[in-house]
Amino acid sequence: MLSEYDMTRAIVLGGSRGIGRAIADALKTIGIDVFAASSGDIDTSDLDSVRDFLKNHDQTDILVLNTGGPAPKQFSDITQDDWNLYHNQLFVGFCTILQNIKINDGGYIFLISSAVIKEPNAKLIISSAYRAAFSEVFKVLSKEYARNNISCINIAPGFINTDRTLELLKDMREFEETIPMKRLGEPEEIGNFVKAIVENDIKYMTGVTINFDGASSSYVF
Ligand SMILES: NC(=O)c1ccc[n+]([C@@H]2O[C@H](COP(=O)([O-])OP(=O)(O)OC[C@H]3O[C@@H](n4cnc5c(N)ncnc54)[C@H](OP(=O)(O)O)[C@@H]3O)[C@@H](O)[C@H]2O)c1
Numbered sequence: 007m008l009s010e011y012d013m014t015r016a017i018v019l020g021g022s023r024g025i026g027r028a029i030a031d032a033l034k035t036i037g038i039d040v041f042a043a044s045s046g047d048i049d050t051s052d053l054d055s056v057r058d059f060l061k062n063h064d065q066t067d068i069l070v071l072n073t074g075g076p077a078p079k080q081f082s083d084i085t086q087d088d089w090n091l092y093h094n095q096l097f098v099g100f101c102t103i104l105q106n107i108k109i110n111d112g113g114y115i116f117l118i119s120s121a122v123i124k125e126p127n128a129k130l131i132i133s134s135a136y137r138a139a140f141s142e143v144f145k146v147l148s149k150e151y152a153r154n155n156i157s158c159i160n161i162a163p164g165f166i167n168t169d170r171t172l173e174l175l176k177d178m179r180e181f182e183e184t185i186p187m188k189r190l191g192e193p194e195e196i197g198n199f200v201k202a203i204v205e206n207d208i209k210y211m212t213g214v215t216i217n218f219d220g221a222s223s224s225y226v227f
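Residues in the sequence shown are numbered consecutively from 7, following our numbering.
Take a look at the structure:
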């Protein structure tokens, strides 16, 4: 389908590895000029770094909000510094970006959140808390962006085969047996999903959260 909007540019945060890298690579295959950022280009926990990045990247057609995730920690072990760091990394950093970047009409914003926004996890409580908070902001903003035909899609991965998952899991084979599909998801599956949305000019699916978890979750809505 030919779109009235020409999607030519994308900014993918956390685009140097894992899920972000797979999205960047998939978008490049359809001729999109992708800036795939590493933590050296923008550190979403450091608001000065975020503002510096925005000086050179203040406009795009497609934005992927993605960053590194917190290490697992029990509630009793979480420090004030941990709260402050991830409050910025997973919440204020993304809010600052959206307050200062122009998404061109007909564009897309994809958020990489996590399955833990719907099913909180005792070891990933920081991740559950701040990602759920930002998902609320993203949902509210989807209504404003919709006026300019900009679609907002929250992707909530379960366990995907990336560096982060390899760090989190002790025994991969044993863990895979607990997933209905008996395997981790591949980052390329998320990359191809994002590409398919853009390539096929799918716009009306917005304000949604997409579970990407191989049927691990048990909730219906
Ligand atoms: N993999 C999963 O199963 C899974 C499941 C649910 C949610 N998630 C979440 O989805 C996101 C991506 O996961 P992933 O598995 O692809 O992670 P990953 O393989 O660890 O890659 C993380 C990416 O984020 C960048 N990054 C790290 N810290 C950053 C910071 N402070 N500011 C900006 N960028 C930063 C990294 O850049 P460098 O290369 O410079 O380090 C890298 O490009 C994470 O937030 C993760 O917690 C992952």
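Ideal Cβ positions, reconstructed from N, Cα and C, are used throughout, including at glycine.
| Asked | Found |
| --- | --- |
| Through-space distance from Leu130 to Pro78, alpha-carbon basis | 5 Å |
| Spatial neighbours of Leu175 in its chain, beta-carbon cut-off 8 Å, leaving aside the 5 residues before and after | Phe165 and Phe181 |
| For Val214, the three-state DSSP class (helix, strand or coil) | strand |
| Asp39 versus Gln65: straight-line alpha-carbon distance, rounded | 13 Å |
| Phe227 versus Lys145 - alpha carbon distance | 15 Å |
| Rounded distance between the beta-carbons of Pro186 and Ser222, thought under 8 Å | 6 Å |
| Boundaries of the beta strand (DSSP E) in which Thr66 is found, first to last residue | Gln65 to Leu71 |
| Proximity below 7 Å, CB of Ser133 to CB of Gly75 | yes |
| Residue interval of the alpha helix (DSSP H) (run including Gly99) | Gly99 to Asn106 |
| Whether Leu91 touches Ser51 by CB criterion (7 Å) | yes |
| Buried or exposed (CB count within 10 angstroms, at least 16 for buried), Ala43 | buried |
| Pairwise C-alpha distance: Gly113 and Asn217 | 22 Å |
| heavy atom of ligand 1 below 6 Å from Asp83 C-beta | no |
| Proximity test, Cβ basis, 7 Å: Val18 and chain C | Going by chain labels, chain C is absent from the structure shown, which holds only one protein chain. |
| Cβ-heavy atom distance, Ser120 to ligand 1, below 6 Å | yes |
| Check whether Leu190 and Asn167 have beta carbons under 7 Å apart | yes |
| Helix, strand or coil at Ser157 according to DSSP, with G and I counted as helix | strand |
| Distance between Asp177 and Glu183 (C-alpha atoms, nearest Å) | 10 Å |
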